[in-house]
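Here's the structure, in structure tokens; my notes come after.
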Amino acid sequence: MSTAIRASSILPGRREDIELHTADGLRLVGELALPADRPPVATLVCLHPLPTHGGMMDSHVFRKAAWRLPALADLAVLRFNTRGTSSLRGTSEGTFDRAVGERYDVAAAIEYAEFAELPNIWLVGWSFGTDLTLKYGCDPAIAGAILLSPPLRFSAPADLATWAASGRPLVALVPEFDDYLRPTEARERFAAVPQAEVVGVPGAKHLWVGDAETVLDEIVRRVNPAVEVPLPTTWDGPMEAGDVSAYADRTVASFADTPVPGPPASKAD
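Its first residue numbered 2, the sequence shown is counted upward by one per residue in the numbering used here.
Okay, here's the thing in structure tokens:
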């Protein structure tokens with residue numbers, strides 16, 4: 002008997018708490034989710050939204066990715082809290098560093114995925130996480146990157162130039178009603194990266210509330226194109242329910258509706 006997949010649904014998978022260790026001596030907490038009974042086809046390394054505005058490894062799109070995609074799309078999902086960030090999993094050491102010290106966090110996540118011999122590694126950044134992806138994610142181990150609601154706040158033209166030179170796939174999912182960067186301007190900004198694909202998502206907003214399924218479909222479409230999308234909305238096998246009540250008093254993703262200024266231009270380079 003089929004059961005509807007809801008926001009709290011946890012489909013079968015192998016999930017383990019992990020720790021990342023940065024080159025500057027910090028311990029970051031995270032989780033790795035794998036398909037239950039087969040090797041993953043590809044890997045998502047998730048870089049979450051701004052922690053000072055509620056972003057964390059459990060931000061709703063990433064939580065749903067970890068709970069669903071190992072079963073629905075044969076993907077490994079690695080998510081973690083950047084320095085100073087807290088979630089139910091715990092608090093990562095260190096303090097928020099405005100996209101500076103976080104370079105070591107990105108490197109530690111990529112290194113973990115490499116050492117774990119996870120296949121076909123893609124970075125998936127969301128909001129602040131897109132800036133980390135653009136600044137620090139163009140690594141030889143990375144197959145490509147997907148950007149969710151990129152504000153282009155902390156990243157610089159030189160970072161786009163690095164991605165352009167690499168030739169690696171870069172996909173930007175841009176909400177029609179984003180608070181920071183909308184599809185028309187995003188296409189202009191990402192024109193600096195010839196291989197970049199900018200996908201405008203009608204009706205969506207920065208937080209992707211009500212549009213998480215669209216995001217997951219677009220991710221799977223790029224990372225494991227053998228899987229048919231849209232993904233199923235029901236499940237025939239065993240299913241657990243996760244506790245989402247712990248975040249009822251927190252934002253579901255990243256920012257309040259008021260834009261938050263980034264650092265001075267001299268610090269963003």
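Don't be surprised by glycine CBs; every beta carbon is placed ideally from N, CA and C.
Judged by their CB atoms, alanine 100 and aspartate 132 are nearer to each other than the 7 Å cut-off.
Threonine 92 has Ser87 as its beta-bridge partners, per DSSP. In terms of CA proximity to arginine 84, Gly26 leads the group Gly26, Ala247, Asp179.
Residue pairing by DSSP puts cysteine 47 in a beta bridge opposite Arg80, Val125. Contact check between the segment 211 to 222 and the segment 187 to 195: fewer than three CB pairs, one atom from each, fall below 8 Å, which does not count as touching.
Secondary structure within the segment 130 to 172: the alpha helix (DSSP H) runs of 4 or more consecutive residues, fully enclosed, are 158 to 167 (chain order). Taking a contact as a CB-CB distance under 8 Å, the pair alanine 77 and threonine 44 counts as one, their CB atoms being some 4 Å apart.
Minimum Cα-Cα distance from glutamate 17 among the listed residues Ala5, Leu232, Ala37 corresponds to Ala37. A direct Cα-to-Cα measurement between aspartate 180 and alanine 242 gives close to 32 Å.
Excluding sequence positions up to five before and after serine 87, its CB lies within less than 7 Å of the CB of Met57, all in the same chain and listed in chain order. The Cβ-Cβ distance between proline 176 and lysine 206 falls below 7 Å. In this structure valine 62 is not in contact with leucine 161, their Cβ atoms being roughly 23 Å apart against a cut-off of 8 Å. Annotated as distal: isoleucine 122 and alanine 146, with beta-carbon spacing of 7 Å or more. Under the 10 Å beta carbon count, valine 107 is surrounded by 16 or more other beta carbons and is classified as buried. Minimum Cα-Cα distance from threonine 53 among the listed residues Ala117, Gln196, Asn82 corresponds to Asn82. Per DSSP, reduced to three states, the secondary structure at glutamate 112 is helical. In the same chain as tyrosine 248, and ignoring 5 residues on each side of it, the C-beta atoms closer than 7 Å to its own belong to Asp59, in chain order.
Excluding the 5 residues flanking it on each side, threonine 4 has same chain C-beta neighbours closer than 7 Å at Thr235, Trp236, Met240, in chain order. Runs of alpha helix (DSSP H) with 4 or more residues, each lying fully within the segment 200 to 234, are found at 213 to 224, listed in chain order. Taking C-beta atoms as the reference points, leucine 48 and glycine 126 count as a pair closer than 7 Å. A distance of 7 Å or more separates the beta carbons of leucine 182 and valine 200. With a cutoff of 7 Å on beta-carbon distance, arginine 28 and glutamate 94 are scored as near each other. Going by DSSP, histidine 22 is part of the beta strand (DSSP E) stretching over 15 to 22. Restricting attention to Ser167, Glu214, Leu33, Pro170, the CA atom closest to the CA of valine 46 is found in Leu33.
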